[in-house]
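Visitor: In terms of numbering that gives the first Met the number 0, the sequence shown opens at residue 0 and continues consecutively.
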Amino acid sequence: MFSLFSAYPTFMIFLGVAMAMVITMVLMPAWIRFLKTSHIGQQVRADGPQSHLVKQGTPTMGGVIMLIAVIAFTLLASVGAPTAELWLLLGATVLTGVLGLIDDASKVAHERSLGLTPKAKLVGQFLIAAIFVLLAVNLIGIEPTVEIPFVATIDLGVATTVVPIGDGFSIPWLYLVYCLILLVGLCNAVNLTDGLDGLAAGTVMVVMLVMAAIAFRAGVLEPALFAGALAGACIGFLWFNSHPADIFMGDTGSLALGMALGCLAVVTKTEFVVIIIGGLFVAEALSVMIQVFYYKKTKKRIFLMAPLHHHFEKKGWSETKVVVRFWIVSGMLAACGFVLYFAATLGV
0 MFSLFSAYPT
10 FMIFLGVAMA
20 MVITMVLMPA
30 WIRFLKTSHI
40 GQQVRADGPQ
50 SHLVKQGTPT
60 MGGVIMLIAV
70 IAFTLLASVG
80 APTAELWLLL
90 GATVLTGVLG
100 LIDDASKVAH
110 ERSLGLTPKA
120 KLVGQFLIAA
130 IFVLLAVNLI
140 GIEPTVEIPF
150 VATIDLGVAT
160 TVVPIGDGFS
170 IPWLYLVYCL
180 ILLVGLCNAV
190 NLTDGLDGLA
200 AGTVMVVMLV
210 MAAIAFRAGV
220 LEPALFAGAL
230 AGACIGFLWF
240 NSHPADIFMG
250 DTGSLALGMA
260 LGCLAVVTKT
270 EFVVIIIGGL
280 FVAEALSVMI
290 QVFYYKKTKK
300 RIFLMAPLHH
310 HFEKKGWSET
320 KVVVRFWIVS
330 GMLAACGFVL
340 YFAATLGV
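(1) By the three-class DSSP mapping on this structure, what secondary structure does Asp-154 have?
(2) Report the start-end ranges of each alpha helix (DSSP H) in the stretch 260 to 345 that is 4 residues or longer and not cut off at the edges.
(3) Identify the residues that DSSP records as bridge partners of Glu-146: which are they?
(4) So which of Tyr-340, Asp-196, Asp-250, Phe-215 has the shortest CA-CA distance to Leu-237?
(5) Hey, Gly-15 and Gly-231 are a contact pair by Cβ (cut 8 Å); roughly how many whole angstroms apart?
(6) Which residues in the same chain have their Cβ closer than 6 Å to the Cβ of Met-210, if we skip the five residues on either side of it in sequence?
(7) I need the straight-line Cα distance from Gly-99 to Lys-120, nearest angstrom please.
(8) Take every Cβ of the stretch 256 to 274, pair it with every Cβ of the stretch 143 to 158, and state whether three or more of those distances are shorter than 8 Å.
(9) In this structure, how does DSSP classify Asp-245 when only helix, strand and coil are distinguished?
(10) Below 7 Å CB to CB, which residues in the same chain sit around Met-384 once its five sequence neighbours on both sides are set aside?
(11) Under the rule that 16 or more other beta-carbon atoms within 10 Å means buried, what is Asp-102, buried or exposed?
(12) State the CB to CB distance for the pair Leu-260 and Gly-277, rounded to an integer number of angstroms; the pair is presumed to be in contact (CB under 8 Å).
(13) So what does DSSP say about Arg-216, is it helix, strand or coil?
(14) Below 8 Å, how does it come out for the stretch 320 to 340 and the stretch 129 to 142: are there three or more Cβ pairs, yes or no?
(15) Helix, strand or coil for Gly-194 per DSSP?
(16) When the Cα of Arg-216 is compared with those of Val-21, Ala-343, Ile-289, which residue comes out closest?
(17) Exposed or buried, Gly-218, counting other C-beta atoms within 10 Å across all chains shown (16 or more means buried)?
(18) According to the Cβ coordinates, are Leu-256 and Val-189 closer than 8 Å?
(19) Between the stretch 243 to 251 and the stretch 60 to 75, do at least 3 Cβ pairs fall closer than 8 Å?
Here's what the structure looks like:
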């Protein structure tokens with residue numbers, strides 16, 4: 000890492016936020032024009048709120064520019080010598096973004112709101128998450144433990160075996176299973192949250208700023224830079240995604256952002272606290288799971304519509320009111336998670 004980052008890490012993290020925002024805002028208009036010219040637009044689900052039908056055909060795949068902004072700045076900031084942590088974070092995020100891009104392209108090609116099959120997307124997500132976790136443990140020395148602040152540090156590396164592809168390469172099964180559920184869960188939770196103009200970008204922006212602060216506190220500076228750049232890309236994207244949206248991030252963006260959040264939790268050892276920090280995403284995912292389970296059992300619905308943000312739309316809240324209030328809730332949960340993490344690390 001070059002001397003400027005070593006000497007002024009706080010400045011570089013804030014610069015990451017600013018530069019990723021600027022790059023996104025500069026490149027996005029041309030991308031929107033290209034998508035409109037190519038007639039690449041969002042396919043709105045037919046069973047969704049009727050007010051969303053006007054969004055049919057709005058350009059999608061805005062996540063492509065967000066990822067370009069993050070990759071460009073983080074690699075430039077590392078001056079050609081990124082650490083293993085950064086390579087792993089970028090690799091998992093970009094691969095998940097590519098998976099989302101394939102899904103978005105499939106939706107556009109077939110002119111429907113569903114792209115890849117759920118099974119295909121899950122297989123891809125689990126594969127990316129598994130590779131990331133195994134490399135994180137064996138390449139950068141991440142301990143296979145889950146720390147619950149003020150309660151306990153749970154060792155999930157007890158069920159470890161060595162596989163023949165390399166000496167000392169271990170698979171901590173319990174930790175791997177936990178992380179697979181966490182990473183894939185967050186990946187899909189952020190994807191479910193991306194249902195209103197500015198909702199996913201705004202909430203992820205808040206969460207990534209907190210993750211950048213946590214990474215800085217933990218002394219892993221390149222992941223802090225990465226998180227800051229993701230937050231900046233979300234801010235830049237919000238300029239175009241605010242209601243009424245000029246472009247959507249698509250699965251290219253939402254799946255990648257969710258995977259990035261989970262991977263940052265592994266690198267910063269906040270595999271438990273991230274459930275609080277990203278509590279809004281967890282609530283969105285749980286609302287869908289509860290709705291499906293309850294409906295199958297009773298043929299009745301608990302929520303007027305799932306995910307949760309649609310429930311409040313059905314109750315009469317305007318789209319903007321839902322988004323702003325969800326931003327506030329996300330900020331409160333992220334702040335609580337940061338306070339818990341910071342208090343637990345005092346004196347460390």
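Glycine included, every Cβ here is placed at the ideal spot set by N, Cα and C. Being a predicted model, the structure only gives us computed values, none of them experimental.
Guide: Result, derived from the coordinates:
(1) In the displayed model, Asp-154 falls within a strand according to three-state DSSP.
(2) Whole alpha helix (DSSP H) segments, 4+ residues: 272 to 276, 278 to 297, 307 to 313, 318 to 344.
(3) Glu-146 is bridged to Thr-152.
(4) The shortest C-alpha to C-alpha distance from Leu-237 to any of Tyr-340, Asp-196, Asp-250, Phe-215 is the one to Asp-196.
(5) About 6 Å; that satisfies the 8 Å criterion.
(6) Annotation for Met-210: Ala-226, Leu-263 place their beta carbon closer than 6 Å to its own, counting only its chain and skipping 5 residues before and after.
(7) Going from the Cα of Gly-99 to the Cα of Lys-120 covers about 8 Å.
(8) Contact annotation: the stretch 256 to 274 touches the stretch 143 to 158, with at least three C-beta pairs closer than 8 Å.
(9) In the three-state scheme derived from DSSP, where H, G and I count as helix and E and B as strand, Asp-245 is classed as coil.
(10) Nothing in the structure corresponds to residue 384, since the chain is present only between 0 and 347.
(11) It counts as buried.
(12) Yes, they are in contact, since the Cβ atoms of Leu-260 and Gly-277 sit about 6 Å apart, within 8 Å.
(13) Three-state DSSP puts Arg-216 in a helix.
(14) The stretch 320 to 340 is not in contact with the stretch 129 to 142.
(15) Coil at Gly-194, not helix or strand.
(16) Among Val-21, Ala-343, Ile-289, the Cα nearest to that of Arg-216 is on Ala-343.
(17) Classified as exposed, Gly-218 has fewer than 16 neighbouring CB atoms from the shown chains inside 10 Å of its CB.
(18) Contact: yes.
(19) They touch, by the three-pair rule.
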